[in-house]
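Below is one structure, written out as structure tokens; comments come after it.
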Amino acid sequence: MRTQRQVVDYSLRRRALLRELVAGRVGTYDLCDASPYLKNAARFHGEPTDQRCPICRSENLTHVHYIYGDELKQSAGQARTVAELSMLAMTLREFQVFVVEVCLGCDWNHLVEQYLLGRDGLTDSEAEQEAAGGVAAAAAGANAPRRREAQR
Numbered sequence: 000m001r002t003q004r005q006v007v008d009y010s011l012r013r014r015a016l017l018r019e020l021v022a023g024r025v026g027t028y029d030l031c032d033a034s035p036y037l038k039n040a041a042r043f044h045g046e047p048t049d050q051r052c053p054i055c056r057s058e059n060l061t062h063v064h065y066i067y068g069d070e071l072k073q074s075a076g077q078a079r080t081v082a083e084l085s086m087l088a089m090t091l092r093e094f095q096v097f098v099v100e101v102c103l104g105c106d107w108n109h110l111v112e113q114y115l116l117g118r119d120g121l122t123d124s125e126a127e128q129e130a131a132g133g134v135a136a137a138a139a140g141a142n143a144p145r146r147r148e149a150q151r
């Protein structure tokens, strides 16, 4: 996504937790505690990945994107797909996205990253291009059947 900014990556924290697990200072019950709501969000709104779970190593991880922001009102805190995020990024000024990785097999979950999305991240020329591209795409989509009919 082009408007992604202020990215915070939590991979160092993830590696530290996994080291703690291997060293025996933390148990799997402390790390594998995904709530039923998080697991449902992963099933219905998650984006499957090719990464194996670091705990059970039998299932692939799923990324769940949660959104928060003042403009979202009642939608704040909901899980969204990546396609919905890109549409929201063009319509809202700014909102925050939290990406959580979840294993549906062993309940491992960890915050992967967080970032801001929205139109405020675009420069004026990029915003105009996005708006013109969206209008042109909508116009092309609306006129496409007419052109085909006219050719017949």
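Numbering of the sequence shown is given in numbering that gives the first Met the number 0, commencing with residue 0 and proceeding in unit increments.
Yeah, the Cβ is synthetic: ideal placement off N, Cα and C, and Gly gets one too.
Exposure label - residue i; buried when at least 16 CB within 10 Å
i     : result
Val21 : exposed
Arg14 : exposed
Thr90 : exposed
Val96 : buried
Phe94 : buried
Range covered by the alpha helix (DSSP H) that runs through residue i
i     : result
Thr90 : Val81 to Thr90
Span separating the alpha-carbon of residue i from that of residue j
i      : j     : result
Asp29  : Glu19 : 11 angstroms
Pro35  : Ala41 : 10 angstroms
Arg24  : Met86 : 43 angstroms
Thr27  : Gln50 : 19 angstroms
Cys55  : Gly45 : 19 angstroms
Pro47  : Gln73 : 26 angstroms
Leu84  : Leu60 : 20 angstroms
Leu110 : Ser57 : 20 angstroms
Asn108 : Ala33 : 6 angstroms
Ala126 : Ala82 : Bear in mind that the predicted position of Ala126 carries a pLDDT of just 48, short of 50, making it too unreliable to give a figure here.
His62  : Gln77 : 14 angstroms
Ala88  : Ala75 : 14 angstroms
Residue interval of the beta strand (DSSP E) (run including residue i)
i      : result
Leu116 : Asn108 to Leu116
Asp5   : It should be noted that the sequence gives Gln, not Asp, for residue 5. Element bounds for Gln5: Arg4 to Asp8.
Glu153 : With the chain covering only 0 through 151, there is no way to say anything about residue 153.
Glu100 : Phe94 to Val101
Close beta carbons around residue i, own chain, < 8 angstroms, minus the five adjacent residues each side
i     : result
Lys38 : Val101, Leu103 and Asp106
Tyr92 : With the sequence shown as reference, residue 92 is identified as Arg, and Tyr is not the correct amino acid for it. Once the five neighbours on either side are set aside, the close Cβ partners of Arg92 are Glu70, Gly117, Arg118 and Asp119.
Leu17 : Pro53
Same chain, Cβ closer than 7 angstroms to residue i, neighbours up to 5 away in sequence not counted
i      : result
Gln3   : Tyr114 and Leu116
Glu112 : Val6, Val7, Asp8, Tyr9 and Val98
Leu11  : none
Tyr31  : With the sequence shown as reference, residue 31 is identified as Cys, and Tyr is not the correct amino acid for it. The residues are Ile54, Cys105, Asp106 and Trp107.
Cβ of residue i within 8 angstroms of any chain B Cβ
i      : result
Glu100 : Of the protein chains in the structure, only one exists, and it is not chain B.
Cβ neighbours of residue i in the same chain (closer than 6 angstroms, five flanking residues each side left out)
i     : result
Arg79 : His64 and Ile66
What alpha helix (DSSP H) runs, 4 residues minimum, are completely inside the stretch 21–53? 27–30 and 35–44
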